[in-house]
Amino acid sequence: MAENGSQSNPLPNSQTIPTSFAISLLVGIAILILNAVLFTACIRSRVQSKTLLLILGLCCAVMIRSMATIISASRQMVVAWVGVYKIAGWKCLAQGLHLICYEVGDCTSTAFIFIISLDRFLAMTSFERYKKFTIRHVQILIGVVFTVAFVYYCILAVLIGTIYLSKREVSANCYRGEVLTLLYCKVLISTLLFIFIVTVVLYTIACLVMRCRKVVGSNSVRRNQLKREKVVTKRVAVIIVSTLITHIIPVSFCAINMWRNQNLLGISSFLLLMHPATLTLDLFLYALLDKDIRRSFSKCVACGRRQRPVCKLHDRTTNCVTPFNIHHNNDDNQAAQCPPVP
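To get our numbering, take the position in the sequence shown, counting from 1, and add 281.
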């Protein structure tokens, strides 16, 4: 999502603006923590599937995107405390870690949503070819997506730094639309919007094929595989439907008005927070639908709780099993099972 470059004006209210920065910081931290917990739950589920690997890639992309929100909000709070001043544009590119996280996070998260939809499209329309697409291929694809996004930003930074920002000063906040140019942000948001639309179209076709397709033949293995793919396709509906509601509709409105050169400061700031927040909600809803991830997530939550002793009837002293009692009972059981040594 594009950040409006018109924010370089003096701060209109030194009390309300830092409050919004603090809210952005807290939201970014919360999103990062939630996605880290979800990422851990997916890893601990020990389930090897192509869709789960793509979900992990999307989770990493959202964490990178949330880091951009945290770094940007922290920088804006510092600048608001010191006072707005101008710096050389190339310094923003050199110091702008949040710019890297913004570009990599937005591009990779959009790419993974598209790949998930394409994965379901291939699974429903060309099942025999889809089986040749292995987990190893997905792992390579995830690495390629992040590598291409990082290389893309490096090339973009070099071009903008040498052509546009060589002798130009910008706000010390290093706003995305001001450093990377507003024209680039318009093109980027239009491109992401086009990818979102194609994503929904592909998934819609996959659902139509899934509904009309009937399993023919006596091969029970193939029938079970196709049933599993249909179940996964239904789970992914959470992410795709949310893409339509929380991404395509508001981003379309924002893109149209940005090309009309209208000031969308409040809307663009809202979209900056809504993008990672809604993706986090989508990932958690998907995790609730997946029994393996849900079970692993419950274990992760249980690990953070204080362990209470579990009462048992055979313990006559405390009627509860403690770590010492468990060790003691295990020794007694082993002694009862082993015959005495003569």
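Backbone N, C-alpha and C define an ideal beta-carbon position, used for all residues, glycine too.
Worksheet item: What are the boundary residues of the beta strand (DSSP E) that includes Ala369?
Response: Here residue 369 is taken as the residue at index 88 of the sequence shown, counted from 1. Looking at the DSSP string, the run of the beta strand (DSSP E) that includes Ala369 is Lys367 to Ala369.
Worksheet entry | Assigned secondary structure, Val451 (DSSP; H/G/I helix, E/B strand, else coil) | Counting from 1 along the sequence shown, the entry for residue 451 is found at position 170. Here Val451 sits in strand by DSSP.
Fill in: Beta carbon of Ser523 nearer than 9 Å to that of Leu554
Residue mapping note: residue 523 aligns to position 242 of the sequence shown, counting from 1. Residue mapping note: residue 554 aligns to position 273 of the sequence shown, counting from 1. Going by C-beta atoms, Ser523 is not nearer than 9 Å to Leu554.
Discussion item. Counting beta carbon pairs with one atom in the region 321-332 and one in the region 557-577, are three or more of them shorter than 8 Å?
Written reply: yes
Discussion item. Does the region 442-460 come into contact with the region 391-403, if we say contact requires no fewer than three beta-carbon pairs (one atom in each stretch) closer than 8 Å?
Written reply: no
Fill in: Cβ neighbours of Val519 in the same chain (closer than 8 Å, five flanking residues each side left out)
Here residue 519 refers to the residue found at position 238 of the sequence shown. Asp563, Leu566, Tyr567 and Leu570, listed in sequence order.
Item to complete: Would you mind stating whether Trp540 and Ser452 have Cβ atoms separated by less than 9 Å?
Response: Taking the sequence shown and counting its residues from 1, one reaches residue 540 at position 259. Taking the sequence shown and counting its residues from 1, one reaches residue 452 at position 171. Taking 9 Å as the Cβ cut-off, Trp540 and Ser452 do not qualify as a contacting pair.
Practice prompt. May I have the straight-line CA-CA distance separating Asp387 from Cys435, to the nearest angstrom?
Written response: Here residue 387 corresponds to residue number 106 of the sequence shown, with the count starting at 1. Here residue 435 corresponds to residue number 154 of the sequence shown, with the count starting at 1. Between Asp387 and Cys435, the C-alpha separation is close to 15 Å.
Discussion item. Distance check for Leu469 and Lys492, CA to CA, integer angstroms please.
Written reply: By one-based count along the sequence shown, residue 492 stands at place 211. By one-based count along the sequence shown, residue 469 stands at place 188. One detail in the question is off: residue 492 reads as Arg in this sequence, not Lys. When rounded, the distance between both Cα atoms is 35 Å.
Item to complete: Flag this pair as yes or no: are the beta carbons of Ser326 and Leu333 separated by less than 9 Å?
Response: In the sequence shown, residue 326 corresponds to position 45, counting from 1. In the sequence shown, residue 333 corresponds to position 52, counting from 1. A contact, by the Cβ cut-off of 9 Å.
Worksheet item: Just reading off the alpha helix (DSSP H) that Phe477 is part of, what are its end residues?
Response: Taking the sequence shown and counting its residues from 1, one reaches residue 477 at position 196. Taken as a continuous stretch (DSSP letters only), the alpha helix (DSSP H) holding Phe477 covers Leu463 to Cys493.
Worksheet item: Should the region 411-423 be regarded as contacting the region 358-378, the criterion being three or more beta carbon pairs within less than 8 Å?
Response: no
Practice prompt. With a 10 Å radius around its C-beta and 16 neighbouring C-beta atoms as the bar for buried, classify Arg410 as buried or exposed.
Written response: For the purposes of this step, residue 410 is taken as residue 129 along the sequence shown, with counting starting at 1. The residue is exposed, with fewer than 16 neighbouring Cβ atoms inside 10 Å.
Worksheet item: Which runs of the beta strand (DSSP E) fall wholly inside the region 291-373 and span at least 3 residues, in chain order?
Response: 367-369
Worksheet item: Taking the C-alpha atoms as reference points, what is the distance between Phe477 and Thr485?
Response: Locating residue 477 in the sequence shown gives position 196, counting from the first residue. Locating residue 485 in the sequence shown gives position 204, counting from the first residue. Phe477 and Thr485: Cα-Cα distance of roughly 12 Å.
Worksheet item: Candidates Leu335, Leu403, Val385 and Thr443: which alpha carbon is nearest Val429's?
Response: Against the sequence shown, residue 429 aligns to sequence position 148. It is Val385 whose Cα lies nearest to the Cα of Val429.
Worksheet item: Would the beta-carbon of Thr633 fall within 9 Å of that of Val343?
Response: Outside the displayed span of the chain (282 to 623) sits residue 633, for which this structure offers no information.
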